[in-house]
Amino acid sequence: MPSYLFWLFSTLMLIGGTTVIAFRNPVSSALSVVTCFVGLAGLFIGLSAFFVGVIQILVYTGAVMVLFLFIIMLLDLKDEEKRSKSLLPVAAGLGLFIAFVVQLFGILSRSPDVKAPALDAQTLASAATGFPAKSKIAITLNEGKLPDVHLIGHTLFTQYNLPLQILGVLLLVATVGVVVLSKKQAD
Amino acid sequence: MASLNDYLLVSGLLFAIGLAGVVLRRNIIIVFMCLELMLSAANLTLVAFSRFHPAPNGLPDYNGQMLVFFVITVAAAEVAVGLAIIVALYRARQTIHTDELTSLKG
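Same order as they appear, the protein sequences are chains V and A.
Numbers in the numbering used here are just positions in the first sequence, counted from 1, shifted up by 74.
Numbers in the numbering used here are just positions in the second sequence, counted from 1, shifted up by 2.
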């Protein structure tokens, strides 16, 4: 990804993240999270993780944030603007932020910097030898493109099959749990 | 071309913003959104490492992206359960401000 696109998307992401905690209105905060996640999806796509970028948009901004907006609408929170700001939590949050950022710079200044390895046609064609010659993955790799979704599907259903099944059970448990929790208690 | 440390710096900043938000906001829904920001920052780190430290065959290391996939799914389940708990809390107390939830305070 060209450098200016990286900085564009990361600035979008960080501005979105900052305005989440700066806005007093919860709806504005939720829309800032959407902005932040759009920038993040841009960074994912720039890292050639196309599938992750797409599900970041679909799952996070499409499903999760809409759920947040529904709940905000349902609870009708109007009293936040009237509250007086207390200084102690703000000071604690800023102090934590500064301490974390100082540590981050300390670690990054000492860790070795790595350039992105090239994903050119030659690398892709040599990687294609590891797959059956007539498979979709090998054909796309020989064309000089990265078959991101096919590779993720291949990994998911060969190496990570059992975790995938367990994840299905987890989603079922979450669904049943939400129904039980939001059922009106008879008393 | 942006290098690995650029990506780590940006994701670390996003994590720090989320952490600060969890501490300084009193509205429990905003706190929950900031938790999502922190999870996403970890996802960015995982994808960056998967791109910059490729697997032996030269492709990006898809084990890292598998972890991102699982994190996103678990986060979606967590959001559903968490928001149901918030709605139940609001029904019981008519507030979602952490300052006013003092039942356990001695």
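Every residue gets a Cβ at the ideal spot worked out from N, C-alpha and C, and that includes glycine.
This one's a predicted model, so the numbers in the text were calculated from it and none came from an experiment.
Secondary structure of residue i, DSSP reduced to three states
i: H228/V; result: helix
i: N29/A; result: strand
Close Cβ partners of residue i (< 8 Å) along its chain, the five nearest in sequence each way excluded
i: F34/A; result: V81, G84, L85, I88
i: A201/V; result: L215
i: L37/A; result: G20, V24
i: L170/V; result: none
i: V252/V; result: none
Residue i and residue j closer than 8 Å at C-beta
i: S52/A; j: F111/V; result: no
i: G20/A; j: L39/A; result: yes
i: M139/V; j: G113/V; result: no
i: S84/V; j: V73/A; result: no
i: N45/A; j: V24/A; result: no
i: I211/V; j: I31/A; result: no
i: L141/V; j: Y92/A; result: no
i: Y64/A; j: L220/V; result: no
i: S122/V; j: P62/A; result: yes
i: G22/A; j: G167/V; result: Here the sequence assigns Ala to residue 22/A, which means Gly is not the residue at that position. Cβ distance < 8 Å, so A22/A and G167/V count as in contact.
i: L238/V; j: L230/V; result: yes
i: L26/A; j: P191/V; result: no
i: V76/A; j: L244/V; result: yes
i: F125/V; j: D222/V; result: yes
Nearest-angstrom beta carbon gap, residue j and residue i [assumed within contact, 8 Å]
i: L16/A; j: L182/V; result: Contact doesn't hold; Cβ gap of about 14 Å is too wide.
i: V101/V; j: L143/V; result: 7 Å
i: L103/A; j: V188/V; result: Wrong, their Cβ atoms sit about 46 Å apart, outside the cutoff.
i: A79/A; j: S256/V; result: Not quite, the Cβ-Cβ distance comes to about 15 Å (not below 8 Å), so this is no contact.
i: S77/V; j: M3/A; result: 6 Å
i: A18/A; j: F174/V; result: 4 Å
i: L178/V; j: G14/A; result: 4 Å
Beta-carbon contacts of residue i that lie in its chain and below 7 Å, excluding the five residues immediately before and after
i: G218/V; result: A195, L198
i: G127/V; result: A115, F118, I119
i: F54/A; result: L6
i: M68/A; result: none
i: I89/V; result: none
i: I98/A; result: N29, I30, I31, I88, L91, Y92
i: Q130/V; result: F111, L114, A115, F118
i: Q233/V; result: none
i: G136/V; result: none
Sequence-distant residues of its chain with Cβ nearer than 6 Å to residue i (five each side left out)
i: G66/A; result: L48, F51, S52
i: G91/V; result: C110
i: Y134/V; result: F111
i: S106/V; result: G90, T93, V94
i: S103/V; result: V94, F97
Contact list for the region 76-90 of chain A against chain V, Cβ threshold 9 Å: V76, A77, A78, A79, E80, V81, A82, V83, L85, A86, I87, I88, V89, A90
Compile a chain-ordered list of the residues in the region 206-230 of chain V whose CB is closer than 7 Å to at least one CB of chain A. L225, I226, T229, L230
Contact residues within the region 20-43 of chain A, judged by C-beta distance below 9 Å to chain V: G20, L21, A22, G23, V24, V25, L26, R27, R28, N29, I31, I32, F34, M35, C36, E38, L39, S42, A43
Report the residues of the region 46-64 of chain A with a CB closer than 8 Å to any CB of chain V, ordered along the chain. L46, V49, A50, S52, R53, F54, H55, P56, N59, G60, L61, P62, Y64
For the region 5-20 of chain A, list every residue whose C-beta sits within 8 Å of some C-beta in chain V, in sequence order. S5, L6, N7, D8, Y9, L10, L11, V12, G14, L15, L16, F17, A18, I19, G20
Could you run through the region 189-205 of chain V and flag, in chain order, every residue whose CB is less than 7 Å away from some CB of chain A? K189, A190, P191, T197, S200, A201, G204
Along the region 79-96 of chain V, what residues have a CB closer than 7 Å to any CB found in chain A? F80, S84, M87, L88, G91, T92, V94, I95
Taking a cut of 9 Å between CB atoms, which residues from the region 240-253 of chain V lie near chain A? L241, L244, L245, V247, A248, T249, G251, V252, V253
Taking a Cβ distance cut-off of 7 Å, strictly less, list which residues of the region 172-184 of chain V are near chain A, in chain order. F174, V175, L178, L182
Residues of the region 107-119 of chain V in Cβ contact with chain A at a cutoff of 9 Å, in chain order, please. V107, C110, F111, L114, L117, F118
Please list, in chain order, the residues of the region 131-142 of chain V that have any C-beta partner in chain A closer than 8 Å. V133, Y134, A137, V138, L141, F142
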